[in-house]
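See below for the structure under consideration.
Numbering (the working numbering), first residue to last: 634 to 1022.
So, in structure tokens, the structure goes:
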């Protein structure tokens, strides 16, 4: 009993020291028109800027395309390559009529180089047609709770009625990152894409964030059109914690991503960002996700998020109910293993590499859009004609 009391006192001291040493970083700024930072465990919003504003998602659309392909059960089937797919412009994986490649390999190439031709081929392979695939995309978005999202195509080229929000895309990306194969694909800096006839094609990522040196960087997807501007969905994992940041129409996405993600990680106790739970001979200490000081800081300084307060109230309740859980023996709890993403070694990324992303070149596409937020249920589902960009 005496030893148990000592263990509890030691645990309390450790927690107090961690709280004292913890430093919440200043709220980050961004040039993005819309941005959102979430905890991928529970989709709790940590920070944002007009994160529910309707935006052009550009090639971040392909996150949903990849989800449906991975869930199709057709990954090892030959890709259906049609003239429609081959002639999709402007960003291209270089598919040709008659190429023999599996859906799995084409999907990997699509996510790495943002190939629009591959996106159309993936959609036609999975659903038979682009419209049928778009319906699947919208059904999945609704299932995931991305209620301010509507897709018309699998690649993200600008179209009236094709839209999402930074918050919705973060939710979609969070779901995708729970799939080990998706995590592996989007963490690749380069890849030798294998064709069924034995030849390979080397592709390199459009995502400079992966090569930035940011600790834990492991995804996810870039995007660009004239209407959407520069877009990025970035993720990083430290220990057992994965955060996702979405930036829409952001000229400084490569600078903002590490700043926002570092800010997000500052919310958590350092023990959570390690590979294993802290274990001693006598107990296992489960430290809280957010300290009281950080909860207070977030409420006082972050006036921009409607969703943040509700998320923090839940975390506060958890904090009040269970500050430290001390278990008599370490054998009662197994430390969770952390998936290690396989980033393959490759040559350095070259910014002048051709066709980095979707470059919108169609002259009749309107660059400006109505960014009014959807506020009534009647506006969520009916005809798309009422959305005039």
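Every residue, glycine too, gets a C-beta built ideally from N, C-alpha and C.
Remember, predicted model here, so these are calculated numbers, not experimental data.
Sort out for me which residues DSSP pairs residue 865 with in a bridge.
855 and 880
Entirely enclosed alpha helix (DSSP H) segments - the segment 735–796, minimum 4 residues
736–746, 749–760 and 763–777
Separation of residue 688 from residue 882, as counted between CA atoms
9 Å
Meets three-Cβ-pair contact criterion under 8 Å: the segment 846–858 and the segment 668–675
no
What does a CB cutoff of less than 6 Å around residue 803 pick up in its chain, not counting 5 residues either side in sequence?
669, 671, 877 and 879
Taking the C-alpha atoms as reference points, what is the distance between residue 755 and residue 659?
42 Å
Is there at least one non-hydrogen atom of the ligand FAD closer than 7 Å to the beta-carbon of residue 689?
With respect to the ligand FAD, the structure shown offers nothing to examine, as it has no ligands at all.
Cβ pair count under 8 Å reaching 3, the segment 680–700 against the segment 711–719:
no
Which term fits residue 710, buried or exposed, when burial requires 16 or more other beta carbons within 10 angstroms of its beta carbon?
exposed
Check the C-beta distance from residue 785 over to residue 767 and give it rounded, since I have them as a contact under 8 Å.
5 Å
Have a look at residue 663 and residue 733 and give me their C-alpha separation to the nearest angstrom.
44 Å
Is the distance from the Cβ of residue 752 to the Cβ of residue 788 below 8 Å?
yes
Give a yes or no on contact between the segment 720–730 and the segment 798–814, applying the rule of three or more CB pairs nearer than 8 Å.
no
Is the CB-CB distance between residue 838 and residue 821 below 8 Å?
yes
In terms of residue numbering, what span does the beta strand (DSSP E) encompassing residue 678 cover?
677–682
Would you please state the rounded distance, in angstroms, between the beta carbons of residue 890 and residue 857? I believe it to be under 8 Å.
With 8 Å as the limit, residue 890 and residue 857 do not qualify as a contact, their Cβ atoms being about 15 Å apart.
Counting only the same chain and skipping the five closest in sequence on each side, list residues whose C-beta sits under 8 Å from that of residue 762.
756
Going by DSSP, what residue range makes up the alpha helix (DSSP H) through residue 805?
799–810
Measuring only the C-alpha atoms, how far is residue 851 from residue 730?
33 Å
In the DSSP output, which residue or residues are listed as bridge partners for residue 875?
870
Start and end residues, beta strand (DSSP E) containing residue 895
Per DSSP, residue 895 belongs to no beta strand (DSSP E); it is in the alpha helix (DSSP H), 886–898.
Return helix, strand or coil for residue 823, following the three-state DSSP convention.
strand
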